[in-house]
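J.: My structure is below; once you've seen it, I'll send some questions.
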Amino acid sequence: MSVREFVEIDFEKVDRLIEEEEARLEPKHRASIEYKQVASRTVAGGVASSWQDAPPHAIFIDHGQGSRIWDIDGNEYVDYHLGYGAMAVGHAHPKVVEAVERQARRGTHFAQPTKDIAAVGENLAERFGLPLWRFANSGTETTLEAVRLMRAVTGRDVVIKIEGSYHGHHDSLMFSVIPDPELIGPREHPATLPQVPGIPDVFAGLVRVVPFNDLAEAERALVENEGNVAGMIVEPAMMNCGIVMPEPGYLQGLKDLVHKHGAFLAFDEVKTGCTVAWGGAVEAFGVTPDIIALAKAIGGGLPCGAIGATEELFAPVLSGELDMAGTFNGNPLTIAACRATLTEVLTRDAYEHFDELHRILDDGCSAVIDKYRLPAYVSGMGAKGSIIYSPKQLREFRDTIGIDERISYLALLMQLNRGVFKSPWSKQETWTTSVAHIVEDARRYVENFEEFGAAVAS
Ligand SMILES: Cc1ncc(COP(=O)(O)O)c(C=O)c1O
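So for the sequence shown, this note's numbering puts the first residue at 1294; every next one is plus one.
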């Protein structure tokens, strides 16, 4: 077997290249930089969500069409950010626009059910193999409801989550998302670290953190908390530190383990759902959990969320004991967009298209990595992919510690300067493709990456 040899990355050069790329980008973004000052007068920090203000600076978007977006300075990009992966339908898809327009003319909100909900429920039940569904408005709400249902049905309080995974910004789960390596504690007992100030300590006592891809550590957590664990929530493929795939047997092993200990398994498919495959991670990895949290791609760009679960888990909702409620749950605009997205756009053939684009991106970027002997590899499937700047395959969050983020930041800047928009803050490169992306869009990404490889390795 040949052992791969890697080029030594010269970080002084990387710093120099970052400076050059930032200097080249700034004049292109004058309007964005100035407009942020205007917005800052009344909008805290000049942005609607903290993660919209990422280095090099917040970029205000004017409009989008298909695979493209245009910022308020008039720059055009092929969009691989896609609103953190929500726009797998592409921007302003005619079917989604038509569905939303039609519904807008008929009324935008009633807080009463509309007839589209059954079509959406049916589609999700078929894709994900869970019989009952409810709707919400974000991934945060759906993971919150998933945790609450598992607690309600078991009468237990402790939840197990994976170190380095993000499940939204509520107090039940916003722990050890990007934990400080100095504070994480031993691998067999990771510290439960709040991601932001303001989360009371008592909540941390209800969350046990474990490493991804390790059944023995999951079992340790279950045994040490025997009789107290309501359930475990897991992103079937970790997507917040590059893309870390589950090892064969891991997800099924988790399901068997939690059931053995009288607890439930929840999949957070907010990112994987309807992107990695038609039936999300359930189809891609062949494991159906007890409960699934969905959002992002199912709504074609409208604020959305869906919780799917077994009848056992929905029992307290069905009996009326637990009110799973929200003024905007099942909002007619959202549900109309979900219906069009799920039944007319993200149909089976869309996934053949995603696979083809993934092949071009994977083959092209892997060839660049080999050519320049970069300490990196490509990970992902379907509409999701990432370049991981590590010479060895990541299995869990702790494997990312020590990866120098300047390299992925430089990759982001070089793509931005060359007409490709990527998710800000990605510790590792990640991309989402849409049904509107064409082969040339994928080639553009690879060509830019080739320039990056040449610059870094020369
Ligand atoms: C895996 C995962 N779960 C939950 C969420 C929260 O979703 P939202 O931002 O819609 O609240 C996110 C957001 O990025 C996510 O990536």
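Heads up, the beta-carbon is just placed ideally off N, CA and C, and yes, glycines get one too. This structure is a prediction, so every number in the text was calculated from the model and none was measured.
In the DSSP assignment, the alpha helix (DSSP H) including E1722 goes from what residue to what residue?
T.: E1722 -> not in any alpha helix (DSSP H); beta strand (DSSP E) instead, spanning 1722-1725.
J.: Mind checking who D1561 pairs with in its DSSP beta bridge?
T.: Paired residues: A1586.
J.: Is A1559 near ligand 1, in the sense that its beta carbon is under 7 Å from a heavy atom of that ligand?
T.: It does not: the Cβ of A1559 is nowhere closer than 7 Å to a heavy atom of ligand 1.
J.: Within the 8 Å Cβ cut-off, does A1669 reach chain D?
T.: The structure shown contains no chain D; it is built from a single protein chain.
J.: Give the DSSP bridge partners of V1671, in chain order.
T.: The partner list for V1671 (beta bridge, DSSP) reads I1680.
J.: Assuming D1409 and I1628 make a contact with CB atoms under 8 Å, what is their CB distance in whole Å?
T.: That pair is a contact at about 4 Å.
J.: Does P1487 come out as helix, strand or coil in the three-state DSSP assignment?
T.: If DSSP states are grouped into helix, strand and coil, P1487 belongs with the strands.
J.: May I ask you to check if the CB of E1481 is nearer than 7 Å to at least one heavy atom of ligand 1?
T.: No, the beta carbon of E1481 sits no closer than 7 Å to any heavy atom of ligand 1.
J.: Any idea if Q1405 is buried or exposed, counting beta-carbon neighbours within 10 angstroms, 16 or more meaning buried?
T.: Exposed is the call here.
J.: Which residues mark the beginning and the end of the beta strand (DSSP E) in which A1523 is found?
T.: Residues 1522-1527.
J.: Considering only the alpha carbon of each residue, which of E1475, F1468, I1492 lies closest to T1485?
T.: Here the closest residue by C-alpha is F1468.
J.: Taking only the alpha-carbon atoms, compute the straight-line gap between K1329 and F1578 and give it to the nearest angstrom.
T.: Their backbone Cα atoms lie some 43 Å apart in a straight line.
J.: What first and last residue would you give for the beta strand (DSSP E) that runs through R1688?
T.: Premise fails: R1688 is in no beta strand (DSSP E) and is neither H nor E.
J.: For my contact list, A1698 and G1457 are in at a C-beta cut-off of 8 Å; report their separation, rounded to the angstrom.
T.: Going by the sequence as given, residue 1698 is Glu instead of Ala. The pair is not a contact, with the Cβ atoms about 14 Å apart (cut-off 8 Å).
J.: Given the structure, does A1588 come close to ligand 1, in the sense that its CB is under 7 Å from one of the ligand's heavy atoms?
T.: Correct: A1588 has its Cβ closer than 7 Å to ligand 1.
J.: Identify which residue in I1362, S1672, I1352 has its Cα closest to the Cα of S1683.
T.: Checking every option, the nearest Cα to that of S1683 belongs to S1672.
J.: Would the stretch 1526-1536 and the stretch 1706-1724 be scored as touching if the rule is three or more Cβ pairs under 8 Å?
T.: Segments in contact, yes.
J.: If I follow the unbroken alpha helix (DSSP H) through D1655, where does it start and stop?
T.: Its alpha helix (DSSP H) spans residues 1641-1664.
J.: Kindly examine ligand 1 and report whether one of its heavy atoms sits closer than 7 Å to the Cβ of N1624.
T.: False, no ligand heavy atom lies under 7 Å from that Cβ.
J.: From what residue to what residue does the alpha helix (DSSP H) around D1366 run?
T.: Per DSSP, D1366 belongs to no alpha helix (DSSP H) and is neither H nor E.
J.: Thinking C-beta only, is V1413 closer than 8 Å to R1666?
T.: Cβ atoms of R1666 and V1413: not closer than 8 Å.
J.: To the nearest angstrom, report how far apart V1502 and S1465 are at their CA atoms.
T.: In a straight line, the C-alpha of V1502 is about 12 Å away from that of S1465.
J.: So, with DSSP's three-state summary, where would you put W1718?
T.: DSSP places W1718 in coil when its eight states are reduced to three.
J.: Since F1742 and V1661 should fall inside the 8 Å C-beta cutoff, what is the C-beta to C-beta distance between them, to a whole number of angstroms?
T.: Correct: roughly 5 Å between the Cβ atoms.
J.: Between which two residues does the alpha helix (DSSP H) containing H1552 stretch?
T.: Taken as a continuous stretch (DSSP letters only), the alpha helix (DSSP H) holding H1552 covers 1543-1553.
J.: What's the C-alpha gap between G1675 and D1642?
T.: Approximately 12 Å, taken between the alpha carbons.
J.: So K1548 and P1582 are supposed to be a Cβ contact under 8 Å. How far apart are they, rounded?
T.: With 8 Å as the limit, K1548 and P1582 qualify as a contact, their Cβ atoms being about 6 Å apart.
J.: Going by C-alpha to C-alpha distance, which of V1331, E1394, T1407 sits closest to A1351?
T.: Comparing Cα positions, the closest option is V1331.
J.: Starting from the Cα of Y1370, find the closest Cα among G1598, D1734, L1425 and give me that residue.
T.: Here the closest residue by C-alpha is D1734.
J.: Spatial neighbours of K1564 within its chain, please: C-beta separation below 6 Å, excluding the five flanking residues on both sides.
T.: Here the set comprises G1378, M1532.
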